[in-house]
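Here the structure is laid out as structure tokens; the discussion comes afterwards.
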Amino acid sequence: MRGMAMLIFAVLLIVMGCTQTADASNYEESKIKTIHVGGKVLCQDCTQGWNEWVHGAKPIKGGKVSVTCMDERSRVVYYGSDLTDEKGQFNLIINKNINGKELKAKLCSVRLVSSPDATCNILTNFAGGRTGVKLNRPSLMYRDLVKYTIDPFFYTTPMCEKPDTDDHSDNGHGGHY
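The sequence shown lines up with residues -24 to -1, 1 to 153 when you count with mature numbering (1 follows the signal peptide of the UniProt record, and there is no 0).
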């Protein structure tokens, strides 16, 4: 009987703690004025050995990354971009209120735009860099700050570019002549 009472007490504490956490997160979310999105842009060279290819990616300075935010009707309500620093890092800062409406981070996507490095300027879709990555789960929430950290995006060398072998664009006429 004593064990059952302790179990009920523990469950009540957990439930009360969850309720407090939910209230706190709603309060904090209403105070958030900006959304921060950070990450890195790197160059992977496919001509290197596997270990160097995986772990030896080099940062790209001046790479352009963009964020596009939509509304519930799939209309663009915000577009912004940032250039990477010498470490390949970018930090996009988005005002959460645009034209009197509140942006929803889950309707924003981040993607690669361009690389200034002529030797490493082929978009890859590692970590979704080419197609874009939705902002799903913040990596940091503290007081009036919410930050999303994106996995590194990658460019590769022209030598590593996969040739387009789709036959649907030539309408059956051979296409490559």
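For glycine and all other residues, C-beta sits at the position ideal for the given N, C-alpha and C.
Output the boundary residues of the beta strand (DSSP E) element that contains residue i.
i, result
"residue 39", "Run containing residue 39: none; DSSP gives neither H nor E here."
"residue 194", "Past the edges of the chain, shown from -24 to 153, lies residue 194, and the structure says nothing about it."
"residue 132", "129 to 132"
"residue 126", "Per DSSP, residue 126 belongs to no beta strand (DSSP E) and is neither H nor E."
"residue 70", "65 to 71"
"residue 47", "Neither: residue 47 is in no beta strand (DSSP E) and is coded neither H nor E."
"residue 57", "52 to 59"
"residue 135", "Counting along the chain, residue 135 falls outside any beta strand (DSSP E), and DSSP gives it neither H nor E."
"residue 85", "84 to 90"
With residue i and residue j assumed to form a contact (beta carbons below 8 Å), what rounded beta-carbon distance in angstroms separates them?
i, j, result
"residue 62", "residue 34", "Not a contact, Cβ separation roughly 11 Å."
"residue 70", "residue 79", "7 Å"
"residue 17", "residue 88", "7 Å"
"residue 8", "residue 72", "6 Å"
"residue 12", "residue 121", "7 Å"
Smallest Cα separation from residue i: which of the options?
i, options, result
"residue 127", "70, 112, 59, 119", "112"
"residue 81", "94, 93, 47", "47"
"residue 54", "83, 118, 115, 121", "83"
"residue 44", "28, 107, 94, 31", "107"
"residue 50", "56, 85, 42", "85"
Looking only at its chain, what residues have a beta carbon closer than 8 Å to the beta carbon of residue i, apart from the 5 residues adjacent to it on each side?
i, result
"residue 103", "109, 126, 127, 128, 129, 130"
"residue 132", "19, 20, 21, 22, 96, 98, 100"
"residue 2", "Note that residue 2 has pLDDT 46, beneath the 50 cutoff, so the model's placement of it is unreliable and the number below is only indicative. Once the five neighbours on either side are set aside, residue 2 has no close Cβ partner at all."
Within a Cβ cutoff of 6 Å, which residues of the same chain sit near residue i, ignoring the five residues on either side of it in sequence?
i, result
"residue 136", "22"
"residue 90", "40"
"residue 4", "With a pLDDT of only 47 at residue 4, under 50, the local geometry of the prediction cannot be trusted, and no value is derived from it."
"residue 92", "38"
Within the same chain, show all residues whose beta-carbon is closer than 7 Å to that of residue i, passing over the 5 residues directly before and after it, in chain order.
i, result
"residue 134", "98"
"residue 105", "87, 88, 99, 129, 130"
"residue 123", "12, 14, 114, 115, 116"
"residue 27", "none"
"residue 57", "40, 41, 42, 89"
How would you label residue i, buried or exposed, when you count the other beta carbons within 10 angstroms and need 16 or more for buried?
i, result
"residue 64", "buried"
"residue 52", "exposed"
"residue 74", "exposed"
"residue 25", "exposed"
"residue 118", "exposed"
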